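Report on the structure given below.
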Amino acid sequence: MRDRPTYNIGRRRGVMLYATTMMISILVAGAGVTLVSLQFANRRVQSTLTTRRQSQQLGRAGTEWALATVHATTNWRNAFTTTPTQTLRPDGGGRIDVTLSDDDGNLLDDDTDAARITVASQLDTQTRTFSLTARPYPHATMAYTVAASGNITFASLATVNGPIYAKGSIIGTGVTVNLGAAAAFDVPAGSVVTPTLTPQNLNAPSYAMPAPDLSYYTSRANTISRTGNSGGNWKLEKAKFTSTYATTGSVNAYGLYWIDLGTKNLDIRECLIEGTLIITGSGANVITVDKASIIRPGTQPYPSLIIALGAGSSVNLIIPNESLSESSADLDFNGDGDKTDTFTPYVSGLVYVSGASTTLGGSGWLFTGCLQAGTVTIGGGVVLGDGRTSLAEQLSPGFTDKLLHVVSGTTQEMAR
319 MRDRPTYNIG RRRGVMLYAT TMMISILVAG AGVTLVSLQF ANRRVQSTLT TRRQSQQLGR
379 AGTEWALATV HATTNWRNAF TTTPTQTLRP DGGGRIDVTL SDDDGNLLDD DTDAARITVA
439 SQLDTQTRTF SLTARPYPHA TMAYTVAASG NITFASLATV NGPIYAKGSI IGTGVTVNLG
499 AAAAFDVPAG SVVTPTLTPQ NLNAPSYAMP APDLSYYTSR ANTISRTGNS GGNWKLEKAK
559 FTSTYATTGS VNAYGLYWID LGTKNLDIRE CLIEGTLIIT GSGANVITVD KASIIRPGTQ
619 PYPSLIIALG AGSSVNLIIP NESLSESSAD LDFNGDGDKT DTFTPYVSGL VYVSGASTTL
679 GGSGWLFTGC LQAGTVTIGG GVVLGDGRTS LAEQLSPGFT DKLLHVVSGT TQEMAR
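To convert, note that position 229 of the sequence shown is 547 in the numbering used here; the numbers rise steadily by one, no gaps.
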C-alpha cells in the first residue's frame, strides 16, 4: 500500500501533465486554425487587391478608348443624344460605361462647349471612375486672312499681310500685289497659284469649309429693320448697333442683330456695327458697303458679319477713302458724349458669306480678320491685315473642327 501523500502528489502531477498536454494541443490546433484563417484572409485580400487593380486598369483602358474615339470621330457628341451611355464589354470580363455631358445639359446647342467625359469601370464588386474634359479646336481655316471654297482673284492693286487659302485657284495675273512678311498662298493639290504670288503651298489640305448652324445666331439675335430706301434698295444708313445701342429695333446684350432682306438689296452706309450683323435673303440679293463704315466684333466670340443669301447673290465691300464722321451721321459712335469725332473705316473679325460671290474693293481700306466665302475678288488697294493672332485661337460656334481634344491636366480618377 502506497503512502497516501505520495499517491496524491503523483495524481496531481498526472492531472497537471494531462492538462498541460491538452492545453498545448489546443494551442497548436488553434494556431493551425489561425494560420489557415490568415492564409484564407490573405488570399481574399490579395484577390480584392488584384480585382481592384484590374478594375483600375479597365477604367484606364476605357479612358484610352474614349480619347482615341474623340480624336477620330467628327461630332462624337451627337452619338450621345439618343444613347446617353455607351457600354463596352471587354473579352476579359467586366464592363466600361462612357458618358458625355456639358454644363448646359445640351450637347448639340453649341459645338464650342466643353464636353465632360466620364468613364466608369466595374469588375466583380470593384468600380473605378475617371473623368476628363475635352473641347474642339478652332477650324483650320480660321488661321487664314481669306479662306475660299472657290477661286480667289486679285483684280487690281492690293496688299497682302496674311495667309490666303483657296480650295480653287489663286489668280493674280497682270496686277500688282504687295506682299508682306506674313503673306502666303495655300491651295490643295490640283489647284494653281499665279507664280508671282509667293510663298505658295500647292499641297495644302482640302479643308471641308465651316458650315455654321444659322439658327444658333438668329435665335439669339434681335430683328432690326431698314433705316430707309434708295432707288428700290433697302438702306442701313447712319446707324449704330452695339451691345448697348440700336438705331432700329431693341438693344441686344450680345450685340446680335438680324435683318432679313427677302428679295431686296441692301446698301450699308456710315454705320458702326460692333457685334454681329446677320443678313439673310431669298433672292439674288446684292449687299453693298460703299460709304465709310466700321464693322467689328463685340464682346462675344462671334463673327462680325454673317451673310447667308440665295444663288446668284453678291456682297461688295467697296469702302471709299473717306472718314466715318459723327457729325455727318448725327451719332456719337464712340460714346464720349459728343458728335465731333472722325474715324478711319475698317472691317475686322470673322466675316462669313454663304451663297454669294464676294468683292473687296474701294480705296485702300483695311481688313483685319478672317473672310470665309465662296469666290472672292480683291482689288482697289485693299489692305489685308494679319488677324491670326486673335482669330486662330478663337472658338466661334460653327467654326470648330468638330473633334474633341482633351484639355491638358483634366484627366483624373474621381474619389470613391
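Virtual Cβ for every residue (Gly too), placed ideally from N, Cα, C.
In this text the structure is predicted, and so the values were computed from the model without any measurement.
Looking only at its own chain, which residues have a Cβ that is under 6 Å from the Cβ of residue i, when we skip the five neighbours before and after it?
i	result
lysine 609	Arg587 and Glu588
phenylalanine 685	Val665 and Leu702
tyrosine 534	Pro715
glycine 680	Ile636, Ile637, Pro638 and Gly698
threonine 392	Lys720
threonine 729	Leu450
aspartate 415	Thr403, Thr405 and Ala438
asparagine 521	Ala507
alanine 458	Tyr525
leucine 367	Low per-residue confidence applies at leucine 367: pLDDT is 47, beneath 50, and the placement is therefore not dependable, though the value from the model is reported in the following sentence. Closer than 6 Å at Cβ, skipping near neighbours: no residue.
For residue i, report the span of its beta strand (DSSP E) as first-last.
i	result
leucine 722	First-last for leucine 722: undefined, no H or E at that position.
threonine 594	594-598
threonine 445	444-453
threonine 606	604-607
leucine 574	574-578
leucine 426	Counting along the chain, leucine 426 falls outside any beta strand (DSSP E), and DSSP gives it neither H nor E.
valine 416	413-419
asparagine 519	518-522
proline 481	481-484
arginine 614	612-614
asparagine 547	546-548
alanine 465	464-466
Look up residue i in the DSSP assignment and say whether it is helix, strand or coil.
i	result
leucine 554	strand
glutamate 640	coil
valine 493	coil
valine 363	Only weak support is given to the placement of valine 363: the predicted model assigns it a pLDDT of 41, under 50, and the value that follows is read from those uncertain coordinates. The answer is helix: DSSP assigns valine 363 an H, G or I state.
arginine 587	strand
asparagine 396	helix
glutamine 374	helix
serine 646	helix
alanine 473	coil
threonine 405	strand
leucine 441	strand
threonine 459	helix
glycine 380	helix
alanine 433	strand
methionine 732	coil
alanine 500	coil
valine 510	coil
leucine 515	coil
valine 388	helix
valine 633	strand
threonine 560	coil
threonine 743	Beyond the ends of the chain as shown, which are 319 and 734, falls residue 743; an answer cannot be given.
alanine 526	coil
alanine 571	coil
glycine 628	strand
When you compare each of the options to residue i by their alpha carbons, which one comes out closest?
i	options	result
glycine 601	Pro619, Gly580, Leu668 and Gly680	Gly580
alanine 647	Ala432, Leu713 and Leu590	Leu590
asparagine 396	Met732, Glu731, Leu722 and Thr729	Leu722
arginine 446	Leu376, Arg453 and Gly727	Leu376
glycine 498	Ala476, Gly412 and Ser509	Ala476
leucine 709	Phe398, Met460 and Ile414	Met460
leucine 649	Ser449, Trp383, Val464 and Ala557	Ala557
valine 725	Ala473, Gly490 and Leu450	Leu450
asparagine 479	Tyr670, Leu515 and Ala458	Leu515
serine 548	Ile625, Asn583 and Val633	Asn583
threonine 617	Val388, Ile625, Gly380 and Gly667	Gly667
threonine 400	Gly410, Gly411, Leu426 and Trp383	Leu426
threonine 560	Leu554, Gly593 and Asn551	Gly593
glycine 705	Leu623, Ala500, Thr512 and Arg371	Ala500
aspartate 442	Gly412, Val569, Gly380 and Ser675	Gly412
Beta-carbon within less than 8 Å of residue i's beta-carbon, same chain only, minus the 5 sequence neighbours each way: which residues are those?
i	result
glycine 682	Asn639, Gly698, Gly699, Val700 and Val701
lysine 485	Ala466, Ser467, Gly468, Val505, Pro506, Ser509, Ser524, Tyr525 and Met527
proline 454	Asp429, Thr430, Leu713, Thr718, Asp719, Lys720, Leu721, Leu722 and His723
Considering residue i, what are the terminal residues of the alpha helix (DSSP H) in which it resides?
i	result
serine 533	532-536
Would a check of beta-carbon distances place residue i closer than 8 Å to chain C?
i	result
tyrosine 572	No chain C appears in the structure shown, which is made up of a single protein chain.
Near residue i, which residues of its chain fall below 7 Å by C-beta distance, leaving aside the five closest residues on each side in sequence?
i	result
threonine 662	Ser641
Task: Segments of 3+ residues assigned as beta strand (DSSP E) that fall wholly inside the stretch 651-728 - done: 664-680, 684-691, 694-696 and 700-702
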